[in-house]
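Heads up: the sequence shown begins at 4 in this note's numbering, then just goes up one per residue. To start, the structure under review is shown below, and the notes come after it.
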Amino acid sequence: MHHPPHAQALKRRGIAFTEVLVLTTVFMLTLCALIPMLGLLRMSSGETTSLAKLSQLGKAHACYAVDWNDRQVTWIPDDFAADGTNSASNYFQDRSCFPPLQLGWAASESGNVVWGYWTGCNTAIGSPGNVDVLKPIMLDDQGTFGSFRIPNSRRFRSYVSSRFYAPQWYAEGDVDYEAASELFDIEGEFASNGGVFYPSSYCLSPAAMLDPGVLRKASEGGYQAPEAYRNYYRSPHVGACSHPPLKTRMIEHNWFRETPDAQPESGDAWQFNHGLAANPCTLFFDGSTSTLSTLQAWQDDLVVRGSSKDQNGLWSRDTPLGATGYRGEYSFDDTIVSHHILTTEGIRGRDILSRSRNGRSRR
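Encoded structure:
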């Protein structure tokens, strides 16, 4: 409500045209100043927190690279495919055992128990088949799981937290956050929870974890299987990244903001690539963070395909996963998008062509 004396003054003398212009200009300037603030308010529902968590994860990656001579975190030996068989049993017999992927120790009635994917090599538990989980991703009929989904396992976790279930690994609003948050204060590093565990909200880029020769451009021969390409699992150094501001390193795996009312046919949560409306928080190889529109990735891929006469795109389309790529058969809007997961040329490739359209960011 206006103060009465002010209202009376307006009635007495009216408003000059120049005053209207001034008031209009002030209003527009105020509105322009408010727009970024409104954007920040829009981000307040978990996005700013998630971007901050990704920024810290980026610093952890940098520390890991310093400690390990510019290497990325990986759980599979570089030479695992060197004999051309891609077989864990053969590797154990001809070469050596290697550490399992450990989730952490959990308290039990019989004492502390270490949970993980044990390979059965020099141990009485596990089996060679568990080695599939140590691979960055399984690109076959066995599924699409892999170590890219478990960055909070022991090897990398020590740079971030002491526990598997810690807030740093989960984005508020994600269905996995809701389940994992109940375990943040447990005794021990991990909780068996009846054999079910909840992966981090953030997944690595498996394409960047594989040798760049695996996901070649179609015009240069396309995908190479581990049986045919012996450097398949050779983890590239961080410095091999050709486009650090444009290559994703970690991304919110699930799509949980402004999602469709319908439930996905997969029975799992919607994924970041299941709709053009998805806008997941993302960490890039230059250490910056931003929301990344799936629509932009799709549009930029069209540009690349158009310039190469539909030969090459931003992601590989000839892997054993087929034309639907990374679980694209469950896409909400029937668009197929596999950036971040199947990036053409891996760490040397790009997931988008520019950051100019990607506004909500944090350094």
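Beta carbons: idealized from backbone N, C-alpha and C, even for Gly.
Subject >> Three-state secondary structure (DSSP) of E268 >> reply: As a working note, residue 268 is residue 265 in the sequence shown. Reduced to three states, the DSSP call for E268 is coil.
Original post:
Could you give the distance in angstroms between the alpha-carbon of V340 and the alpha-carbon of F167?
Top reply: Indexing the sequence shown from 1 puts residue 340 at position 337. Indexing the sequence shown from 1 puts residue 167 at position 164. One C-alpha to the other measures close to 30 Å.
Original post:
Per DSSP, what kind of secondary structure is S208 in: helix, strand or coil?
Top reply: In the sequence shown, counting from the first residue as 1, residue 208 sits at position 205. Correct three-state label for S208: coil.
Original post:
So, helix, strand or coil for W369, using DSSP?
Top reply: Lying outside 4 to 366, the shown extent of the chain, residue 369 is not represented and no answer is given.
**OP:** With a floor of 4 residues, list each alpha helix (DSSP H) that falls wholly inside the segment 50–114, ordered by position along the chain.
**Re:** As far as the segment 50–114 is concerned, its whole alpha helix (DSSP H) runs of at least 4 residues are 50–70, 91–97.
**OP:** Look at the alpha carbon of G331 and the alpha carbon of G325, and state the distance between them as a whole number of angstroms.
**Re:** The residue you call residue 331 lines up with position 328 of the sequence shown. The residue you call residue 325 lines up with position 322 of the sequence shown. When rounded, the distance between both Cα atoms is 10 Å.
**OP:** Sort E261, N257, A280 by Cα distance to S269 and report the nearest one.
**Re:** Position 266 of the sequence shown, counted from the start, is the residue given in the question as residue 269. For S269, the nearest C-alpha among the options comes from N257.
Original post:
Which residues mark the beginning and the end of the alpha helix (DSSP H) in which T297 is found?
Top reply: Position 294 of the sequence shown, counted from the first residue, corresponds to residue 297. Going by DSSP, T297 is part of the alpha helix (DSSP H) stretching over 297–310.
Original post:
Between N316 and E185, what straight-line distance do the alpha-carbon atoms span, to the nearest angstrom?
Top reply: The residue given as residue 316 occupies position 313 in the sequence shown. The residue given as residue 185 occupies position 182 in the sequence shown. According to the sequence as given, residue 316 is Gly; it is not Asn. Whole-angstrom Cα-Cα distance: 42 Å.
**OP:** Using the DSSP secondary-structure output, state which residues sit across from I344 in a beta bridge.
**Re:** As a first step, residue 344 must be located in the sequence shown, where it is residue number 341. For I344, which the question treats as bridged, DSSP gives no partner whatsoever.
Subject >> Any 3 or more C-beta pairs closer than 8 Å across the segment 87–94 and the segment 227–241 >> reply: Proximity of the segment 87–94 to the segment 227–241 meets the contact definition, three or more beta-carbon pairs being nearer than 8 Å.
Original post:
For F335, which of helix, strand or coil comes out of DSSP?
Top reply: In the sequence shown, residue 335 corresponds to position 332, counting from 1. Note: F335 maps to coil in three-state DSSP.
Original post:
For the beta strand (DSSP E) that F287 lies in, which residues bound it at each end?
Top reply: The residue you call residue 287 lines up with position 284 of the sequence shown. It spans 284–287 - the beta strand (DSSP E) in which F287 sits, taken as one unbroken run.
Original post:
What is the residue span of the alpha helix (DSSP H) that R158 lies within?
Top reply: Reading the sequence shown from its first residue, position 155 is the one you call residue 158. Here the alpha helix (DSSP H) through R158 covers 157–160.
Subject >> the segment 130–141 touching the segment 156–175, judged by at least three CB pairs closer than 8 Å >> reply: Here the segment 130–141 makes no contact with the segment 156–175; the two share fewer than three CB pairs at distances below 8 Å.
**OP:** Rank D179, D337, I350, G290 by C-alpha distance to the C-alpha of W318 and give the top, closest one.
**Re:** Sequence index remark: in the sequence shown, residue 318 carries index 315 (1-based). Closest option to W318, Cα to Cα, is I350.
Original post:
Any idea if N276 is buried or exposed, counting beta-carbon neighbours within 10 angstroms, 16 or more meaning buried?
Top reply: Here residue 276 refers to the residue found at position 273 when the sequence shown is read from its first residue. Burial check for N276: the Cβ neighbour count within 10 Å reaches 16 or more, so the residue is buried.
Subject >> First and last residue of the uninterrupted beta strand (DSSP E) at E255 >> reply: By 1-based counting over the sequence shown, the position of residue 255 is 252. Its beta strand (DSSP E) spans residues 251–255.
Original post:
In or out: R219 buried (at least 16 other Cβ within 10 Å) or exposed?
Top reply: Position 216 of the sequence shown holds residue 219. Buried.
Original post:
Alpha carbon to alpha carbon, how far is M253 from Y67?
Top reply: Here residue 253 refers to the residue found at position 250 when the sequence shown is read from its first residue. Here residue 67 refers to the residue found at position 64 when the sequence shown is read from its first residue. One Cα belongs to M253, the other to Y67, and the distance between them is close to 15 Å.
Original post:
Taking the DSSP output, what are the residues bridged to T122?
Top reply: Residue 122 sits at position 119 when you count from the first residue of the sequence shown. Per the DSSP secondary-structure output, T122 pairs in a beta bridge with G129.
Original post:
Going by alpha carbons, who is nearest to G61 out of F101, D70, S311, F288?
Top reply: Stepping through the sequence shown from its first residue, residue 61 is reached at position 58. Answer by Cα proximity: F288.
**OP:** Check D179 in the structure and name its three-state DSSP category.
**Re:** Locating residue 179 in the sequence shown gives position 176, where the first residue counts as 1. When secondary structure is reduced to three states using DSSP, D179 falls in the helix class.
Original post:
Exposed or buried, C124, counting other C-beta atoms within 10 Å across all chains shown (16 or more means buried)?
Top reply: Within the sequence shown, numbered from 1, the residue matching residue 124 stands at position 121. It counts as buried.
Subject >> Three-state secondary structure assigned by DSSP to Q171 >> reply: On the sequence shown, position 168 is the one that residue 171 refers to. Note: Q171 maps to helix in three-state DSSP.
Subject >> Selected residue, minimal CA-CA separation from G278, among D97, L249, N234, R260 >> reply: Here the question's residue 278 lines up with position 275 in the sequence shown. Minimum Cα distance to G278 is reached at R260.
Original post:
Straight-line CA distance for R152 to K312?
Top reply: Residue numbering aside, residue 152 sits at position 149 when the sequence shown is read from its first letter. Residue numbering aside, residue 312 sits at position 309 when the sequence shown is read from its first letter. The alpha-carbon of R152 is positioned some 34 Å away from that of K312.
**OP:** Report the rounded CA-to-CA distance for P3 versus H240, giving the unit in angstroms.
**Re:** The first residue shown for the chain is 4 and the last is 366, placing residue 3 beyond what the model contains.
Original post:
alpha helix (DSSP H) containing D372: first to last residue?
Top reply: Absent from the structure is residue 372, since the part of the chain shown begins at 4 and ends at 366.
Original post:
From E192, T327, K250, pick the residue whose C-alpha is nearest to that of V116; which is it?
Top reply: Start at 1 with the first residue of the sequence shown, and residue 116 comes out as number 113. Comparing Cα positions, the closest option is E192.
Original post:
Given D321, which residues of its chain have a CB within under 6 Å of its CB, disregarding the five upstream and five downstream residues?
Top reply: On the sequence shown, position 318 is the one that residue 321 refers to. Within the same chain, and ignoring the five residues on either side of D321 in sequence, the residues whose Cβ sits closer than 6 Å to its Cβ are G225, Y226.
Original post:
Expressed to the nearest angstrom, what Euclidean distance is found between the alpha-carbon atoms of T51 and S111?
Top reply: Here the question's residue 51 lines up with position 48 in the sequence shown. Here the question's residue 111 lines up with position 108 in the sequence shown. Each residue's alpha carbon lies about 37 Å from the other.
Original post:
Which value, in whole angstroms, describes the spacing of the CA atoms of T262 and Y236?
Top reply: Reading the sequence shown from its first residue, position 259 is the one you call residue 262. Reading the sequence shown from its first residue, position 233 is the one you call residue 236. Taking the straight line joining both Cα atoms gives about 35 Å.
Subject >> DSSP state of V117 mapped onto helix, strand, coil >> reply: Along the sequence shown, one-based indexing puts residue 117 at 114. V117: strand per DSSP, three-state reduction.
Original post:
The beta strand (DSSP E) with S293 in it runs from where to where?
Top reply: Counted from its first residue, the sequence shown places residue 293 at position 290. Counting along the chain, the beta strand (DSSP E) containing S293 begins and ends at 292–294.
**OP:** Could you round the C-beta distance between V76 and R157 to whole angstroms and report it? I think they count as a contact, below 8 Å.
**Re:** In the sequence shown, the residue the question calls residue 76 occupies position 73. In the sequence shown, the residue the question calls residue 157 occupies position 154. Rounded, the Cβ-Cβ distance is 11 Å, inconsistent with contact.
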